[in-house]
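Following: one structure in structure tokens, then a few remarks.
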Amino acid sequence: MQCLTTTECTDWLDAHGMGGFSPKTGPEDPIDGELLFAAPKEARTQANLARALVNWLGELDVLLLWITDWPFYKPDEMAIALGLRKAHGEDRLVIEAPGQVFSLHEQDELIGWVHLLMSYGWDGHLYPFPFCGALFQTSHEDILWAFTSGVERLRTCREIVDSYQLEVHRESRRC
444 MQCLTTTECT DWLDAHGMGG FSPKTGPEDP IDGELLFAAP KEARTQANLA
494 RALVNWLGEL DVLLLWITDW PFYKPDEMAI ALGLRKAHGE DRLVIEAPGQ
544 VFSLHEQDEL IGWVHLLMSY GWDGHLYPFP FCGALFQTSH EDILWAFTSG
594 VERLRTCREI VDSYQLEVHR ESRRC
């Protein structure tokens, strides 16, 4: 795992063909559908959903996890996050280097991070490369927001959400 500053996150998105994507504006084309749904409350369900959603992204070489907000900052939560980052030689605070790039062989660690984001109520945006038509983000509002290109990907995401009996707040399609 490599950590990036905000500027480096923007540069990473540009370099990987996702220059139109931003945590502030959301994704642009080629997004055809979105699914906004409740995050699970139970820890085991959060872990299982994290695993399912990371797998739903498809095969990836690298992925940028850009943490943009941690409104319920608690020192014990930050200690865990900083400890995980320190294991990769990173000494900067999350506010100084909010991006984390995971390689293919770090997928299990990525799943753990997504679980932590849901548990802690942190905002995190996941940008996989190569982009295979699927993105998602976690939110401090106890929701997750998935974006897809193609009806089949949206259907698969909806099946994952339904399998955990999570409330769907919004589902929209442009195709």
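Everything in the sequence shown is counted per my numbering, starting at 444 for the first residue and increasing by one.
Note that CB positions come from ideal geometry on N, CA and C, so glycine has one too.
- As DSSP reads the structure, serine 546 sits in a beta bridge with Val505.
- In the DSSP annotation of this structure, glycine 526 is not part of any beta strand (DSSP E); the continuous alpha helix (DSSP H) holding it starts and ends at 518-529.
- Fully contained in the region 553-596 are the following beta strand (DSSP E) runs of length 3 or more, in chain order: 566-572, 577-581, 586-591.
- Distance between leucine 478 and threonine 599, taken at the CA atoms: about 11 Å.
- In this structure, the beta-carbon distance from leucine 496 to proline 483 does not fall below 9 Å.
- Closest by C-alpha distance to histidine 558, out of Trp509, Ser606, Arg487, Ala589, is Arg487.
- Bridge partners of glutamine 445 according to DSSP: Val544.
- Here valine 604 has Leu478, Phe480, Val611 as same chain residues with Cβ atoms under 7 Å from its own Cβ, once five neighbours each way along the sequence are excluded.
- In terms of CA proximity to serine 465, Gly542 leads the group Ala530, Asp534, Gln489, Gly542.
- Look at the beta carbons and you see the region 501-517 touching the region 558-576: at least three pairs across the two are nearer than 8 Å.
- Counting along the chain, the unbroken alpha helix (DSSP H) around alanine 495 starts and ends at 486-499.
- In the three-state reduction of the DSSP assignment, isoleucine 510 falls in the strand class, which pools E and B.
- According to the DSSP assignment, histidine 612 belongs to the beta strand (DSSP E) that extends over 611-616.
- Here the alpha carbon of leucine 447 sits roughly 8 Å from the alpha carbon of valine 544.
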